[in-house]
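Comments concern the structure below.
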Amino acid sequence: MQMSDSRGEIASAQDEWAEFGLTSEQALWQQSRDGPNAMPVDRRPAFFDLLVDALREPMLALLVVAAALYFALGDLAEATVLCLSVVVVVSSTVIQRGKTERALDALRDLSSPQAAVYRDGALVRIDARKLVVGDLIFAEEGDRVPADCDLLFAHALTVDESLLTGESMPVSKTIRTDSSRPPTPGQTLYSATLIVSGQARARVRAVGAQTQVGRIGTSLGAIHTVRSPTQQQIDRLVLVFAIIGLSSCVLVTALFWATRGTFVDALLAGITLAIANVPEEFPLVLTIFLALGAWRLARAQVLVRRPPAIETLGAISVLCVDKTGTLTENRMAIRALVAGGERWQSEDGSAIPPAFGELLRLAALAGEPAPTDPMELAIGNAAGPGEVSRRGILVRRYPLSAASKARTYVWRIPGSRRLLVACKGAPEAIAELCRLDAREKSQLLGAAAELASSGLRVLAVARAQFGSIDLAESELPPSPTDLHLDPLGLIGFSDPLRGDVPRAVAEAQAAGVRVVMITGDHPATARSIAAAAGIDNRSVLSGDELSPLDDGAFGNAILACDVFARVSPDEKLRLVRALRDAGEVVAMTGDGVNDGPALKCAHVGIAMGRRGTDVAREAAQVVLLDDRFASIVGGIRLGRTIYANIQRALRYILAVHVPVAGMAFLPLLFGGPLVLSPVLVVFLELIIDPSCTLVFERQVTGTDVMGQRPRARDAPVLGIGEIGIALAEGAAGLAAAAAVYAAAWQWGLPDGEIKALTFSAIVGANLALLALNRDGNGARGALRFNNPYFWIISLMATLALLCAMYLAPIASIFRFASPDWWASLAAFLFPMALATATRSGVQRARRLALRHARA
């Protein structure tokens, strides 16, 4: 159903059905009795479920084993610290996953189906879950029936009930003529079925679990948590590291046991290395970033129905958009009329001369009795409510089709002995239906082109008097071409371009996104609007020009043109397929029933939230809540930012595990004092985990993400170059920590001081890697004050390190001996300097390589 600019009221005041709806007070009372109109759905995981899920993490299992071993050794202090650490890590995981579930719940709420219902004397759109028994609903082509209903009015109504019956053929519906008998299935609308054609008004008789679909246990969830390609990549990566960690655990345990001491000590050393090797943060980062990213996009009016679609949103290279309502305001006003040799045109909405009354009356009759489309409403308002109310009885409707871009209505008019035929549509279609000769056709199309060249949307109107008033519908010709129509005139509508469109188009083009306008309007209208929007309009192709082309010529044509006019839904689908075959990542907007195939075929289908049909919304991965083009571009920008932050977090995780794993293994290899224990690894994890979920998730990108070309859709989340940079930075941190360890050992410092200084270097390396990876500018952006969470975590980590090194009760748990302050400071800062120098060197080398490649 079409929506007006207002989110609420969508019908004109002349709708005689409005008085039969419920009031808000009646609806609230009814809902308190029957409950919400909601299908049975899987419950959100409870706290206990999240807790059990968190405890399944391999790292936590290793920590529990380590705590048990410390208890067995009688080291109660270290065992207690490990147990407390497990509680902290589990609590953090449960909180973050709970936050993720709440974000997904919010997305489910936003993507809940809508229903058009008569409330408080007006036809409004509401959340379908708020429907109650007794509500009077309106439904038309493309709508999903929101509840079980008894039909009160039906016009040419057919319904797809395959969800319930399995039958693919649409079922015709009629109203009940005998109120003393219960309604039959043919007189009933069932929840979750789809209106294929026609219009209906119906009274709700069952909601929620009491509906037919509710009783058979069918659930229509709107948010599906499927594994994205990136998640699958990360799953494989974590599996590889898990195998490496387990193998190293077994190897180190055997080596330590054979050369150094008891089996329990050997097992603790092996567990430490295994914990250091497994980047268990990878899956957590993706889950949280995608869910919270989807919520952030929804706040920006871009509802991602499936969070993994965020990955593709940032990779869009071609954005195909409708003109009406997306680039323009969908606020139609009549600005030009041509009829009977007279012409009227106005820019300020001055009064329409009476001479055009018949043209407007026929245009109003060539539409539905209770219109909701902005263009139909403009015609009805101009014709006057008195004219519209004297429609008579509708005998037959010839709907809009791909073959005929016109609508024809046959009426029995009170006081007349003949049928009145009213038709309106594209000027080319009216010219064909009226069977004009070459001269007449040229005059009509020339006048239409003149209006269209100024950006007006142009409709032609035709009429006929046909047969006798007693003529049956079956006696009417099967095609409107046999109705002997005569052209009456033209109507030009203005639909202003949205003020933010030119800037948004320029931003998209600067980001390497090609903006393609696809419209059903006249080519001259399309050219004018494209010029105002900043879309290349040097070439405009119409559907008639595209249709005869073979696939090769079609593919070449669409690559050289950004404006397409008079395009049918089938041609839209062909356009999307051709662009995909050309290697583009395609986004397509749509709002109608026939847009479903094109939306499904596109990499990112974008449905209109206000004026889109349920069919379009269900076919799309993304729903545009405010129907604005600028919101699409904002969604691309935010999608790129979210993906860039995921990459930075993963790069940091990969880099930070290098010095941790290295310093768990090197002392074993060279026979020196051990540095890391499970307790110290947990200390590091308490820095790494919040860094990922707080710092990177909230990082404002330091680079211009909209100044870069779109990434390839199948590109790995971390390419070879990104992995190489992460490993190089991690190796720099490891080298610094190893140098501190070697120097302290060479100087003959006590084991406790060696351990404290080396651990200080590892923490310094950790914070340096966090600073370098949080911003796309690396070393230049490391100390920017654009993320308070980075500074909070850095300060807390530094204070915790000082307490661990210089407060005796805590130092004894970690088996530290307090080193000299200057030595501690040097050990802490040295890895930062080395990691920063490494990043600067890598960036300089990449710039030189690029310069050399261009030369």
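Going by the numbering used here, the final residue of the sequence shown carries number 1931, and the count climbs one at a time with no gaps.
A virtual CB, placed ideally from N, CA and C, is assigned to each residue, including glycine.
Check	Outcome
For G1460, the nearest candidate out of C1159, R1437, A1731 and M1451 (CA to CA)	R1437
As assigned by DSSP and simplified to three states, the class of E1563	According to the sequence displayed, residue 1563 carries Pro and not Glu. Strand, per DSSP.
Local conformation of E1249 per DSSP, three classes	Before going further, note that residue 1249 is Lys rather than Glu in the sequence given. Coil, per DSSP.
Burial state of S1555, where buried means 16 or more other Cβ atoms lie within 10 Å	exposed
Separation of T1363 from R1774, as counted between CA atoms	15 Å
Burial state of S1255, where buried means 16 or more other Cβ atoms lie within 10 Å	exposed
Per-residue DSSP class, three states only, for I1682	strand
The stretch 1778 to 1797 / the stretch 1368 to 1375 touching (three or more Cβ pairs under 8 Å)	no
Alpha carbon of L1296 to alpha carbon of A1692, nearest angstrom	With a pLDDT of 40 at L1296, under the threshold of 50, the modelled position of this residue cannot be trusted; read the value that follows with caution. Each residue's Cα considered, the two are about 16 Å apart.
N-terminal and C-terminal residue of the alpha helix (DSSP H) that Q1421 is part of	Not the alpha helix (DSSP H): Q1421 falls in the beta strand (DSSP E), residues E1418 to Q1421.
Boundaries (first-last residue) of the alpha helix (DSSP H) holding W1371	E1357 to R1375
Simplified DSSP state of G1501, which is helix, strand or coil	strand
F1772 beta carbon less than 9 Å from that of N1842	no
Beta-carbon proximity list for I1611, same chain, < 7 Å, skipping 5 on both sides	V1581, V1591, M1593, D1638 and V1639
The beta strand (DSSP E) enclosing M1593, as first and last residue numbers	R1590 to I1594
When A1808, G1491, A1505 and K1831 are compared against R1483, the one with the closest alpha-carbon	A1505
Best match in G1795, F1746, L1379 and A1215 for proximity to L1730 [C-alpha to C-alpha]	G1795
Boundaries of the alpha helix (DSSP H) in which G1806 is found, first to last residue	I1796 to Q1822
Pairwise C-alpha distance: I1392 and E1694	20 Å
Residue ranges of each alpha helix (DSSP H) within the stretch 1380 to 1435, 4 or longer	1385 to 1389
CB of T1348 within 9 Å of CB of P1735, strictly	no
Cβ separation of A1820 and F1906, assumed to be a contact under 8 Å, to the nearest whole Å	That pair is no contact at about 12 Å.
Three-pair Cβ contact test at 8 Å for the stretch 1694 to 1705 versus the stretch 1414 to 1434	no
Whole runs of the alpha helix (DSSP H) within the stretch 1830 to 1910, excluding any shorter than 4 residues	1864 to 1882 and 1884 to 1890
Rounded straight-line distance, which links the Cα of V1577 to that of A1706	6 Å
Own chain, CB closer than 7 Å to F1569, minus 5 neighbours either side, in chain order	M1408, A1409, I1410, R1411, M1451, A1454, L1532 and R1533
Reference E1216; option with closest CA among D1236, V1326 and V1652	D1236
Opening and closing residue of the beta strand (DSSP E) in which E1216 lies	L1212 to E1216
Three-state class that DSSP yields for A1198 in the structure shown	strand
Extent of the continuous beta strand (DSSP E) run through R1472	I1469 to Y1474
Meets three-Cβ-pair contact criterion under 8 Å: the stretch 1202 to 1212 and the stretch 1104 to 1113	yes
CA-to-CA distance, A1663 to A1921, given in whole angstroms	36 Å
S1422 at chain D interface by Cβ criterion, 9 Å	The structure shown has no chain D; it contains just one protein chain.
Spatial distance of S1644 from G1619 (CA atoms)	7 Å
With 16 other Cβ atoms within 10 Å as the buried cut-off, status of I1869	buried
Classification of Q1519 by the beta-carbon crowding that lies within 10 angstroms, buried from 16 upward	exposed
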